[in-house]
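Asker: There's a structure below that I have some questions on.
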Ligand code: GLN
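In the working numbering, the protein residues as written are 6 to 363.
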């Protein structure tokens, strides 16, 4: 098709630039400033009082909400106080805001998958993940065995258990201890402090993770884990048992929001070139089967864990986290989703609505 000719004849494309048959139409309204940093400008122009007000309002609105139920398939998770409710937001320029309980720790659970993926992207680039594990939604629960069978271990993503155990198996190291230390050091760097395993959670999950061990074995059988599937599953289980509070999680999220650099310690944890891919996997598969509805409602790349944590990122602007253990039927924190959606709306965080209100 000769686009140039069609445009020229239509006489209605005054603002369109025709380049080698491709149309580029300026969508930015007159007066909007294009900046090299993209949406980062809006994060740094948010006022402290407005951010704190948004957190306080969401905390007050949802603190008495009793919907949802703690996960109980890992016995230790059923014992966590369901009233625990903490919100933290860290801006890409390093300002920290909290509401409620931002210091009590829960196990990081599936949110760890984001940062193990970051380790592998940093060490080995994108190809082993994209070609091996995949970066597609499975449409199945996070611990589905059917999803493995469907494509012989491929066509999934690093945030469902088979993909996460395979991703853990890709982390290099001279011994299991060294591999584990490299993973924990990665989480520490994103959080900006030294984190520890919650031993009761680790013991509880290690004693009841027969299904994950079966998943690891099946991924090995399909060649997606090259060696020692039990070791990969055990290190994965340990990764899920790391203790974090809402502030830790928000700092980890803000490090991604700040293009891979921890906004407080200034340590680079992930090359800028890997950040868009990591965010895309979060958008695709961060909230299990409800990733689509979450993205539709908020536009925010996010990741939940069955411990009750939820992180979300407004790229270039801020990272946010909520800890509230009661989960909905899809396995996502009820208060976490509501609080983050409200706060993001108040702060204009949806990247698909980047020009709204400016
Ligand atoms: N450790 C948990 C599991 O493997 C993590 C699951 C989750 O948070 N979705 O079952």
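Cβ coordinates follow ideal geometry from the N, Cα and C atoms, glycine included.
Remember, it's a predicted structure, so these values are computed and weren't measured experimentally.
Let me know the alpha helix (DSSP H) ranges lying completely inside the region 171 to 204, each 4 residues or longer, listed in chain order.
Answerer: Correct list: 181 to 196.
Asker: What runs of the alpha helix (DSSP H), each 4 residues or longer, lie entirely inside the region 216 to 274?
Answerer: List check, alpha helix (DSSP H) in window: 234 to 245 and 251 to 262.
Asker: Can you tell me which of the three DSSP states residue 324 falls into?
Answerer: Here the question's residue 324 lines up with position 319 in the chain shown. Reduced to three states, the DSSP call for residue 324 is strand.
Asker: Could you pull the start and end residues of the beta strand (DSSP E) that residue 140 belongs to?
Answerer: If you number the chain shown from 1, residue 140 lands on position 135. That residue, residue 140, is in no beta strand (DSSP E); it is neither H nor E in DSSP.
Asker: Below 8 Å between beta carbons: does that hold for residue 260 and residue 274?
Answerer: For the purposes of this step, residue 260 is identified with residue 255 of the chain shown, where counting begins at 1. For the purposes of this step, residue 274 is identified with residue 269 of the chain shown, where counting begins at 1. Their beta carbons are under 8 Å apart, which means residue 260 touches residue 274 by this criterion.
Asker: Have a look at residue 248 and residue 197 and give me their C-alpha separation to the nearest angstrom.
Answerer: In the chain shown, the residue the question calls residue 248 occupies position 243. In the chain shown, the residue the question calls residue 197 occupies position 192. In a straight line, the C-alpha of residue 248 is about 14 Å away from that of residue 197.
Asker: What does the alpha-carbon distance come out to for the pair residue 101 and residue 57?
Answerer: Position 96 of the chain shown, counted from the start, is the residue given in the question as residue 101. Position 52 of the chain shown, counted from the start, is the residue given in the question as residue 57. Roughly 10 Å separates the two Cα atoms.
Asker: Beta-carbon within less than 7 Å of residue 87's beta-carbon, same chain only, minus the 5 sequence neighbours each way: which residues are those?
Answerer: As a working mapping, residue 87 is identified with position 82 in the chain shown. For residue 87, where only same-chain residues beyond five positions count, the Cβ hits under 7 Å are 75, 330 and 331.
Asker: Tell me the DSSP secondary structure of residue 338 in three-state form.
Answerer: Counted from its first residue, the chain shown places residue 338 at position 333. DSSP places residue 338 in strand when its eight states are reduced to three.
Asker: Checking the sheet assignment: what are the DSSP bridge partners for residue 315?
Answerer: Taking the first residue of the chain shown as 1, we reach residue 315 at position 310. Partner(s): 309 and 327.
Asker: Terminal residues of the continuous beta strand (DSSP E) containing residue 93?
Answerer: Stepping through the chain shown from its first residue, residue 93 is reached at position 88. Residues 91 to 96.
Asker: Near residue 284, which residues of its chain fall below 8 Å by C-beta distance, leaving aside the five closest residues on each side in sequence?
Answerer: What you label residue 284 is simply residue 279 of the chain shown in a count that begins at 1. Excluding sequence neighbours, residue 284 sits near 261, 306, 318 and 320.
Asker: Quick test of the definition: if touching needs 3 or more C-beta pairs under 8 Å, does the region 345 to 352 touch the region 49 to 66?
Answerer: Flag = yes, the region 345 to 352 and the region 49 to 66 touch.
Asker: At what residues does the beta strand (DSSP E) containing residue 103 begin and finish?
Answerer: As a working mapping, residue 103 is identified with position 98 in the chain shown. Taken as a continuous stretch (DSSP letters only), the beta strand (DSSP E) holding residue 103 covers 101 to 105.
Asker: Could you compute how far the alpha carbon of residue 217 sits from the alpha carbon of residue 300?
Answerer: Taking the first residue of the chain shown as position 1, residue 217 is located at position 212. Taking the first residue of the chain shown as position 1, residue 300 is located at position 295. Their Cα atoms are separated by approximately 28 Å.
Asker: Have a look at 323, 312 and 266 and flag the residue whose alpha-carbon is nearest the alpha-carbon of residue 340.
Answerer: Position 335 of the chain shown holds residue 340. Of 323, 312 and 266, the residue nearest in Cα terms is 312.
Asker: Just grab the DSSP bridge partners of residue 111 for me.
Answerer: Locating residue 111 in the chain shown gives position 106, counting from the first residue. DSSP lists 249 as partners of residue 111.
Asker: Reducing DSSP to helix, strand and coil, say where residue 157 ends up.
Answerer: As a first step, residue 157 must be located in the chain shown, where it is residue number 152. Coil, per DSSP.
Asker: Is residue 343 helix, strand or coil when you go by DSSP?
Answerer: Position 338 of the chain shown, counted from the first residue, corresponds to residue 343. If DSSP states are grouped into helix, strand and coil, residue 343 belongs with the helices.
Asker: Thinking just about the alpha-carbon of each residue, which of 70, 94, 152 and 78 is nearest to the one in residue 54?
Answerer: Position 49 of the chain shown, counting from 1, holds the residue named residue 54. Minimum Cα distance to residue 54 is reached at 94.
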